[in-house]
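**Student:** Just dropping this structure here.
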Amino acid sequence: MNWLDQRTVDALSGAGTLARALPGFQPRQGQIDMATAVSRTLQAGGQLVVEAGTGTGKTYAYLVPVLLSGHRALVSTATKALQDQLFSRDIPRLVEALGLPIRVALLKGRSNYLCLHRMEQARHSPESAQPGAQQALAKIETWSQSTRSGDMAELTGLDERSSLWSLVTSTRDNCLGSNCPRYRACHVNLARKEAMAADVVVINHHLFFADMAVRESGVAELLPTVRVTVFDEAHQLNEIGVNFLGEQLSTVHLHELVRDTLATGLQLARGLVDWQSLTAQLEKSARDWRLAAGHHRGSVSLRWNGPCPEGVDSDQWMAALGRVTEALKDMKTGLETVSELAPDFVRLVDRCRDLVQRATLFADSPKPDGVRWAEVTAQLRVMESPLDIAQAFSGLMSPRSSYPSDPKSLDVVQADQGVGHRAWIFTSATLGDEPTLRWFTAPCGLSAAEVMQVGSPFDYAQQSALYVPTHLPRPGEAGHTLGVARLVMEALSILGGRTLVLTTTLNAMRSIGEQLNAHADGTFEVLVQGESPKRRLMERFRQGGGQGDAQGRRGCVLVASASFWEGFDVPGDALQLVVIDKLPFPPPGDPLFEARSRRTIQQGNNAFVDLALPEAAISLKQGAGRLIRNESDRGILVVCDNRLVEKPYGRRLLRSLPQMRRLEDHAAFQAALSQLTRDATSF
């Protein structure tokens, strides 16, 4: 065992550095096994993929050897919440406990930082006339005088969905760059400078892939100097990467251009151009383009294999898209006449030019090696992307990667920094449902990676139980969603809350939420995704594990979909029942999944076995993972889909779940619920 392996094991052992320095630290063999594998990869270089079960302590398992190694490192996460946790809590704790002189920096996308120039212009925008806007802007202006980082996460009370958020932050489209009058004080540039000087830089996957696509966030300059790159929550890499490495155009892009052009034109060049006419023309063409996509209820994704999306009138579509292009060209011409007055107009001209190029792309036929589709809601977004990130990502990790945009040749960079021996670590609690983890490695181009699985230290057979209610109607049959709602109501009458309901569709989420609200008796609170920001819902749900609120309610039931299947961490008594409405197979008609299925069939494989089933297993595993978060948790998982026990493929899905004990009938389920309320320790 070499020095790094030895120091890593010593730090994580029962009598080691962390056990002495951190209250509550518990040594875990799985954590030590993962950490030593990371240590070996740091020294030898290459790629390591680790699926680390819930409770392994994977964050410390990769951070301890990375920090001890002394190598410069980039740590990327899937969410800004985990990014903030790593930067503000986990890394500082370890740096102090290990006694290391390490500089750490946090780097987010530019839209997460206050833009001083746009803040100064915000009071002139139409949005500032909305009720409460002036008061909110005053709060932002006051905060701007004291903040050092400009990170909007510091500013409490302003939700990211607020229209004011985009008024006081910048994007790649509207940033003025070095021409900005507040360039020297720019929070984004200051954050990048700190990152370039740091030993460990914490970013997120969105920023990483945005930089691969446009090379403008600073990661391109940072990456060549980094010896170690860690991707936590790596299971999201492929989907995030596909979105960023493709092309897109949306009515949101067009409406934002209208807003910024009108505000800037009236403020800096009033009367020199007919701003009202130009912006009204683009706004109308954007609205007509959306109408050409047809009337749809909710959110739909339309296949696009020909000249226009499926089910859309081709003539109307092409005419509407053509009018968008002409309106953009007219706006560009108008902006060019005043471009010498301010750098704001130069940037608006660039935005018009970029949007014209995108509109022209989508007027042509789709590329044969990718997939194109349209997402239709109240807005319209068209996308064209690769089917996965394998080609882009495997090229990036090649010793002779062309990704770094460094003025020196790559060979010199490698000689200077040892890039040829770079280490790439990928980890998550869910990376596959079989030992090779091919579900993750194949689309990410990691065919040469070392693969490792570390089991959870939790005793699931003692701590949890699984119930599949076979008496409910099958999914898709009339009455299934109502049956799920009634089962939840029955459980709530015993538990008094402490329940998370995960649905596979927004319609089911709304329907179950309405049923629970209609029959709630006041002993618990019903929370439904979308009614409040996610962070607020999570905080309220966690509070339900206490002594109740002023109304005497003992707990909460949260009905949610999509983002709550993962990243929702509620240890303790606040959550003791997780109900999943049906097996989470990919939605029918999803254009990206269909394109991947066609490729799988062309390769001689089975789309259901090799794509749909692994996708469902991963999602089911993630949803089930919300239940048991520490060694003292107790709870029940209910999957309201009898295919899990009746279909042959159900065995594979069951194997993907933790080894919970089975509740064979409804009486056993009721008894287990009652036992939870009496004495969780003897559950």
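Numbering-wise, the working numbering puts 675 at position 671 of the sequence shown, and it's gapless, one number per residue. The beta-carbon is built from N, C-alpha and C at its ideal position, and this holds for glycine as well. If you're wondering where the values come from, they're calculated on a predicted model, not measured in any experiment.
Counting only the same chain and skipping the five closest in sequence on each side, list residues whose C-beta sits under 6 Å from that of GLY627.
**Tutor:** Here residue 627 corresponds to residue number 623 of the sequence shown, with the count starting at 1. Closer than 6 Å at the Cβ level, and outside the excluded window around GLY627, lie LEU506, TRP569, ILE584.
**Student:** State the Cα-Cα distance for the pair ALA39 and SER80, rounded to the nearest angstrom.
**Tutor:** Here residue 39 corresponds to residue number 35 of the sequence shown, with the count starting at 1. Here residue 80 corresponds to residue number 76 of the sequence shown, with the count starting at 1. Distance between the alpha carbons of ALA39 and SER80 is about 18 Å.
**Student:** Between which two residues does the alpha helix (DSSP H) containing ASN521 stretch?
**Tutor:** Looking up residue 521 in the sequence shown gives position 517. Where ASN521 is concerned, the enclosing alpha helix (DSSP H) stretches over 510–523.
**Student:** From which residue to which residue does the beta strand (DSSP E) around PHE528 run?
**Tutor:** As a first step, residue 528 must be located in the sequence shown, where it is residue number 524. Its beta strand (DSSP E) spans residues 528–532.
**Student:** Unbroken beta strand (DSSP E) runs of length 3 or more, entirely within the stretch 150–224: which are they?
**Tutor:** Entirely contained in the stretch 150–224, the beta strand (DSSP E) runs reaching 3 residues are, in chain order, 204–208.
**Student:** Between LEU345 and HIS191, what straight-line distance do the alpha-carbon atoms span, to the nearest angstrom?
**Tutor:** As a working note, residue 345 is residue 341 in the sequence shown. As a working note, residue 191 is residue 187 in the sequence shown. Distance between the alpha carbons of LEU345 and HIS191: 25 Å.
**Student:** At what residue ranges does the stretch 644–673 contain a whole run of the alpha helix (DSSP H), taking only runs of 4 or more?
**Tutor:** If we require 4 residues or more, the alpha helix (DSSP H) runs fully inside the stretch 644–673 come out as 647–650, 654–660.
**Student:** Just mark ALA419 as buried or exposed, buried being the case when its beta carbon has 16 or more other beta carbons within 10 Å.
**Tutor:** As a first step, residue 419 is located in the sequence shown; it is residue number 415 there, counting from the start. Bear in mind that a pLDDT of 34 at ALA419, under 50, signals an unreliable position, so the number given afterwards is only what the model happens to contain. ALA419 should be labelled exposed.
**Student:** Within 10 angstroms of the Cβ of ALA142, are there 16 or more other Cβ atoms? Answer buried if so, exposed if not.
**Tutor:** Counted from its first residue, the sequence shown places residue 142 at position 138. Its Cβ having fewer than 16 others within 10 Å, ALA142 is exposed.
**Student:** Classify ALA599: buried if its beta carbon has 16 or more other beta carbons within 10 angstroms, exposed otherwise.
**Tutor:** Stepping through the sequence shown from its first residue, residue 599 is reached at position 595. So ALA599 ends up on the buried side.
**Student:** Helix or strand or just coil, what does DSSP make of GLU494?
**Tutor:** For this step, residue 494 is matched to residue 490 along the sequence shown. Helix at GLU494.
**Student:** Check whether the stretch 324–340 touches the stretch 164–174, counting contact only when three or more Cβ pairs, one atom from each stretch, lie closer than 8 Å.
**Tutor:** Touching, no.
**Student:** Once DSSP output is grouped into helix, strand and coil, what is the label at LEU470?
**Tutor:** Counting from one through the sequence shown, the residue named residue 470 turns up at place 466. LEU470 falls in the strand class under three-state DSSP.
**Student:** Mapping DSSP to helix, strand and coil, what is ARG502?
**Tutor:** The count along the sequence shown starts at 1 and reaches residue 502 at position 498. If DSSP states are grouped into helix, strand and coil, ARG502 belongs with coil.
**Student:** What residue does the beta strand (DSSP E) around THR81 start on, and which one ends it?
**Tutor:** Numbered from 1 along the sequence shown, position 77 holds the residue referred to as residue 81. Counting along the chain, the beta strand (DSSP E) containing THR81 begins and ends at 77–81.
**Student:** Check GLN30 in the structure and name its three-state DSSP category.
**Tutor:** Position 26 of the sequence shown holds residue 30. In this structure, GLN30 counts as coil in the three-state DSSP scheme.
**Student:** Any contact of the stretch 238–251 with the stretch 290–308, i.e. 3+ C-beta pairs under 8 Å?
**Tutor:** No, the stretch 238–251 is not in contact with the stretch 290–308.
**Student:** Helix, strand or coil for PRO592? Go by DSSP, reduced to three states.
**Tutor:** Sequence index remark: in the sequence shown, residue 592 carries index 588 (1-based). Coil.
**Student:** Straight-line CA distance for SER469 to ALA578?
**Tutor:** Here residue 469 refers to the residue found at position 465 of the sequence shown. Here residue 578 refers to the residue found at position 574 of the sequence shown. For the sequence presented, residue 469 should be read as Ala rather than Ser. Near 17 Å, if we compare the C-alpha coordinates of ALA578 and ALA469.
**Student:** Should the stretch 476–491 be regarded as contacting the stretch 440–451, the criterion being three or more beta carbon pairs within less than 8 Å?
**Tutor:** Contact fails: fewer than three Cβ-Cβ distances are below 8 Å.
**Student:** Looking at C-beta atoms only, is the number of pairs between the stretch 143–159 and the stretch 115–133 that lie closer than 8 Å three or more?
**Tutor:** Yes, the stretch 143–159 is in contact with the stretch 115–133.
**Student:** Would you report the Cα separation of GLN421 and VAL230, rounded to the nearest angstrom?
**Tutor:** Mapped onto the sequence shown, residue 421 falls at position 417. Mapped onto the sequence shown, residue 230 falls at position 226. Low per-residue confidence applies at GLN421: pLDDT is 40, beneath 50, and the placement is therefore not dependable enough to give any value.
**Student:** Please classify ALA133 as buried or exposed, where buried requires at least 16 neighbouring CB atoms within 10 angstroms.
**Tutor:** On the sequence shown, position 129 is the one that residue 133 refers to. ALA133 should be labelled exposed.
**Student:** Bridge partners for MET387 per DSSP, in chain order?
**Tutor:** The sequence position of residue 387 within the sequence shown is 383, counting from 1. In the DSSP output, where bridge partners are listed per residue, MET387 has GLN252, TRP377.
**Student:** In angstroms, rounded to a whole number, what distance separates the CA positions of ALA140 and ILE640?
**Tutor:** Mapped onto the sequence shown, residue 140 falls at position 136. Mapped onto the sequence shown, residue 640 falls at position 636. Roughly 44 Å separates the two Cα atoms.
**Student:** Are ALA109 and GLU198 touching if we call contact CB-CB under 8 Å?
**Tutor:** One-based indexing of the sequence shown puts residue 109 at position 105. One-based indexing of the sequence shown puts residue 198 at position 194. Yes, the pair counts as a contact, with Cβ atoms nearer than the cut-off.
**Student:** Along the chain, where does the alpha helix (DSSP H) that runs through MET335 open and close?
**Tutor:** Against the sequence shown, residue 335 aligns to sequence position 331. 318–340 is the extent of the alpha helix (DSSP H) around MET335.
**Student:** So what does MET456 bridge to, in DSSP terms?
**Tutor:** As a first step, residue 456 must be located in the sequence shown, where it is residue number 452. MET456 is bridged to VAL54.
**Student:** Residues in the same chain with beta-carbon distance under 6 Å from PHE597, minus the five sequence neighbours each way, listed in chain order, please.
**Tutor:** Position 593 of the sequence shown, counting from 1, holds the residue named residue 597. Closer than 6 Å at Cβ, skipping near neighbours: PRO590.
**Student:** Apply the 10 Å Cβ neighbour rule to ALA482 and answer buried if 16 or more other Cβ atoms are within range, or exposed otherwise.
**Tutor:** Counted from its first residue, the sequence shown places residue 482 at position 478. With fewer than 16 other Cβ atoms within 10 Å, it is exposed.
**Student:** Can you list, in chain order, the residues of its chain with a C-beta nearer than 6 Å to that of LEU510? Leave out the 5 residues immediately preceding and following it.
**Tutor:** Position 506 of the sequence shown, counting from 1, holds the residue named residue 510. If we look at LEU510 and ignore the five residues flanking it on each side, its Cβ neighbours are SER565.
**Student:** Could you give the C-beta distance for ILE622 and ASP437, rounded to a whole number, given that I count them as a contact under 8 Å?
**Tutor:** Walking along the sequence shown from the start, residue 622 turns up at place 618. Walking along the sequence shown from the start, residue 437 turns up at place 433. Their Cβ separation, rounded to whole angstroms, is 7 Å, which keeps ILE622 and ASP437 in contact under 8 Å.
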